[in-house]
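Below is one structure; the comments refer to it alone.
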Amino acid sequence: TADTQAIADFFLLQREYKEQRKPLTVKRVNVTGRLHEVFVHYLRQPTRNYFLKIFQTIVYIDREKPAGHVLVFLTSVEEIEGMVHMLDSSQSKQTQIKLLPLHAKLAPEAQNLIFEHSYERKVILSTNIAESSITIPDIHYVIDSGYVKVKTFDSFAGIDKMCVVPCGKSSANQRAGRAGRVTDGECFRVYHEQGYNSMPDRLPPEILRIDLTNVVLKLKGLGIADILTFSCWKDLTKGISQKQSTCSTPT
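When we follow the working numbering, the leftmost residue of the sequence shown carries the number 5, and every step to the right adds one.
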């Protein structure tokens with residue numbers, strides 16, 4: 005989700021500069037969607053293996069909860085494939101469930117399977133693509149790992165790398181909201197409530213995390229000689245140096 009206040013502040017500063025700092029206002033319009041009540045469950049104790057906890061929670065929902073499809077947030081294709089294998093090879097399933105992976109590398113035809121009607125309980129194993137990009141109907145249960153895989157620039161090695169990091173509160177709330185689109189739902193967060201409280205409100209935007217070499221060259225090619233005075237870059241350079249030092253090793 006976009007940080008609308010930061011965007012408004014940026015345009016306000018630009019207009020004040022161009023109009024000799026005359027008092028101006030930038031209006032924001034918020035359109036809130038309808039959301040049913042979502043009951044959020046936390047772990048009583050933190051876990052060192054959220055992957056196993058997600059598996060156990062899927063089995064628990066399948067055994068104990070009324071009919072309704074399940075949306076599971078994992079961090080990568082590898083985790084999705086591992087969970088599919090773990091569920092397929094498990095003998096603990098007592099009812100029939102339909103396992104559906106969802107990630108950006110899937111062909112459109114495979115992604116569209118999540119929208120097909122099914123009398124079986126669908127368990128959709130997804131990356132954060134289902135967080136806001138896609139709205140899946142009839143989701144009653146969400147299982148949130150609390151993690152996301154992001155691209156960061158390692159300033160020591162000089163390369164981009166993928167890091168698994170805790171998601172922000174805004175992402176956790178977006179994930180929980182997937183369970184309340186059509187009726188009341190439940191969100192199972194496989195982390196302690198204190199873990200949620202310690203999350204940042206949102207993760208730094210990608211422009212503060214990745215290698216900007218190509219962006220700089222593009223701007224140079226467009227005829228912008230002084231990159232550091234280009235609008236919106238002055239504040240970003242502070243964040244870039246900070247994030248490169250804190251994300252130099254994956255967590």
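Even for Gly, the Cβ is constructed at its ideal location relative to N, Cα and C. Keep in mind the model is a prediction, meaning the values are calculated, not measured.
Which runs of the alpha helix (DSSP H) spanning at least 4 residues fall entirely within the region 181-207, listed in chain order? 197-201
Nearest to R179 by alpha carbon, out of Y145, D230, M87, G199? Y145
In terms of DSSP beta bridges, what is L221 paired with? In DSSP, L221 forms no bridge with anything.
Delimiting residues of the alpha helix (DSSP H) encompassing D66: 54-68
With 16 other CB atoms within 10 Å as the buried threshold, where does G227 fall? exposed
Inter-stretch contact at 8 Å, needing at least 3 Cβ pairs: the region 142-160 / the region 64-79: yes
From I133 to A229, what does the alpha carbon distance come to, in whole angstroms? 37 Å
When Y200, I118, H45 are compared against P170, the one with the closest alpha-carbon: Y200
For L117 and L104, believed in contact at Cβ under 8 Å, the rounded distance: Sure, about 6 Å apart at Cβ, within 8 Å.
By the three-class DSSP mapping on this structure, what secondary structure does K109 have? coil
Reference P70; option with closest CA among G225, L221, K126: K126
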